[in-house]
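A short write-up of the structure that comes next.
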Amino acid sequence: MISRRGVLLAAGLSVLPSRAVAVAAPSIVKPLPATDFIVHGTNAETRWEALRDVGSLVPVSKFFVRNHTSTPALSAASWRLRIFGSGVARPLTLSLSDLRALPSCSVEAVIECAGNGRSFFSSQQGQTVSGTPWKLGAVGNARWRGVPLGVLLRLAGVRRSAVDVLPVGLDDEFVTGGVNLGRVRRPLPVSKALDDVLVAYEMNGSELPPDHGFPARLVVPGWVGIASIKWLGSLEVSTSAMHSPWDTQYYRLLGPTYPADGSLVTTQVAKSAFELGFGATVPAGRQVLTGRSWAPGGVRRVSVSTDGRTWRRATPVSRGAWTRWQVPWQATPGAHVLRVRADDQPDESPYNTQGYLFGAVVKHPVTVV
Ligand SMILES: Nc1nc2c(c(=O)[nH]1)N[C@H]1C(S)=C(S)[C@@H](COP(=O)(O)O)O[C@H]1N2
Ligand SMILES: [Mo]
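What follows is the structure in structure tokens.
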């Protein structure tokens, strides 16, 4: 194999010192093989065909990454989590070993970007939206272990009058369009914080990996991914409402059918995907179509259509934080469009300018040969 330096030398170009090359290092630490990921700038979505032979939990090596900036290199030894603010009687500072010594629990939960499926607003509905043009791979399911946020808030003496918790990430400040929006942070109502939120330090039985929030992140089941702040550094608890650009400017449904200041995005909508590439080539004959469907409250029934007119029930293969299913298909040569619907997934998604919560049935093209 010829080195990058060798290629540059062969091309007669000047060679940057290795430190300068490191500055251009990607925003994501783990390898992103093209067979498993589609890279969008600082982000990477999972290819659905790469989940075909994978169990219910997505291994770290295939789990999507959404980074506003870059994965930071944080030291476990010097990391601290601060809990403070008008909403707590006893402010706390915890080290990672303090956190690990507290009562923990393990939860299987899907994390999904609010913009997952965004590209279908344009490709299926002819609408222009802003943001990362994800297909359906900005989602993953993992088993997370950590301390319930409620345990930490009670340790800190959370007051009855507390209303919001503001988790702040330790990644770089986010600069967009020349404006510095500060650290990635987004208020969470105390009611949700005390319900089922985890301060997680393990993913699928191992230490949280750098790209997914090492040493600790929030896991907010059923809510859009932005709620699950990675590289958690502090939690401000307040007796008055808190805000950040991530709840005033982003993650609001804006557009002609919404109020002027938009409506806040919190919970996810049902979605479904085939474990097949877009435009995949499938051999003719008896096939088994496989895929997954997920929704905050779980999925009751899944139906598949291979002709756009008739629908058949898919058979559940496993039920956890998402449902894996399969359905047989007698594939005849030619171009086909596959569709899958979980429960009441609509045929069209309500338009919003930033393309959040695409929940419509996706038209999945395949070619049978
Ligand atoms: N600190 C911090 N937390 C963050 C983000 C980020 O860029 N910085 N991205 C958020 C978004 S938009 C999503 S969808 C999820 C993605 O989690 P993952 O990268 O572990 O898949 O993390 C959320 N938490
Ligand atoms: Mo996201």
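The opening position of the sequence shown corresponds to residue 144 in the working numbering, with each subsequent residue numbered one higher.
Glycine included, each C-beta is placed from N, C-alpha and C at the ideal position.
Bear in mind that the values here come from a model prediction, so they are computed numbers and not experimental data.
Per-residue DSSP class, three states only, for residue i
i      : result
Ile372 : coil
Lys117 : Here the chain covers residues 144 to 512 and nothing more, so residue 117 does not appear.
Pro508 : strand
Trp389 : helix
Trp366 : strand
Ser266 : helix
Trp277 : coil
Ala423 : strand
Gly463 : coil
Val480 : strand
Glu188 : strand
Ser238 : strand
His211 : coil
Leu292 : helix
Leu175 : coil
Ala503 : coil
Leu397 : coil
Leu194 : helix
Leu245 : coil
Ser492 : coil
Spatial distance of residue i from residue j (CA atoms)
i      : j      : result
His183 : Thr424 : 24 Å
Asp314 : Leu331 : 19 Å
Arg286 : Met346 : 6 Å
Leu432 : Trp472 : 7 Å
Thr271 : Ser265 : 6 Å
Ser247 : Val340 : 12 Å
Arg297 : Pro352 : 28 Å
Leu309 : Leu224 : 13 Å
Ala427 : Arg195 : 19 Å
Ser238 : Trp222 : 6 Å
Gly498 : Ala359 : 29 Å
Ile254 : Ala438 : 11 Å
Ala370 : Asn186 : 17 Å
Leu500 : Asp487 : 14 Å
Arg429 : Val282 : 29 Å
Glu188 : Lys373 : 17 Å
Strand pairing of residue i, partner residues [DSSP]
i      : result
Ala485 : Val445
Lys414 : Trp437
Glu350 : Glu345
Pro332 : Asp307
Asn284 : Val253
Gly312 : Leu375
Leu361 : Val342
Val272 : Answer by DSSP bridge pairing: none, since Val272 is not bridged.
Gln497 : In the DSSP output, where bridge partners are listed per residue, Gln497 has none listed.
His183 : Asn186
Ligand 1 heavy atom lying under 7 Å from the CB of residue i
i      : result
Ser371 : yes
Trp465 : no
Val208 : yes
Asp390 : no
Gly283 : yes
Val203 : no
His507 : no
His355 : yes
Trp287 : no
Asp314 : yes
His211 : yes
Ile181 : no
Trp374 : yes
Gln327 : Reading off the sequence, residue 327 comes out as Val, not Gln. True, at least one ligand heavy atom lies under 7 Å from that Cβ.
Ile226 : no
Closer than 7 Å: residue i CB and nearest ligand 2 heavy atom
i      : result
Arg484 : no
Ala257 : yes
Arg261 : no
Gly368 : yes
Sequence-distant residues of the same chain with beta carbon closer than 7 Å to residue i, five excluded per side
i      : result
Asp354 : Ile171, Val172, Lys173, Val208, Thr214
Pro388 : Leu324
Thr449 : Trp472, His479, Leu481
Gly477 : Val511
Pro493 : Thr400
Asp390 : Arg329, Pro330, Leu407
Ser229 : Ser381, Thr382
Same chain only: Cβ atoms within 6 Å of residue i, ignoring 5 sequence neighbours per side
i      : result
Pro508 : Gly422, Val480
Val164 : Reliability fails at Val164, whose pLDDT of 34 lies under 50, so the model's placement of it is uncertain and no value is given.
Pro489 : Ala503
Ala457 : Val445, Val447, Trp468, Val470
Val311 : Arg326, Arg328, Gly376, Ser377
Leu419 : Glu192
Within-8 Å CB hit, residue i to chain D
i      : result
Asn259 : You won't find chain D in this structure, because it holds only one protein chain.
Residues near residue i by beta carbon distance below 8 Å, same chain, minus five either side
i     : result
Val87 : A question about residue 87 goes unanswered here, because the residues of the chain that appear run from 144 up to 512.
Closer than 7 Å: residue i CB and nearest ligand 3 heavy atom
i      : result
Ala244 : Judged by which ligands are present, ligand 3 is missing from the structure shown, whose ligands are ligand 1 and ligand 2.
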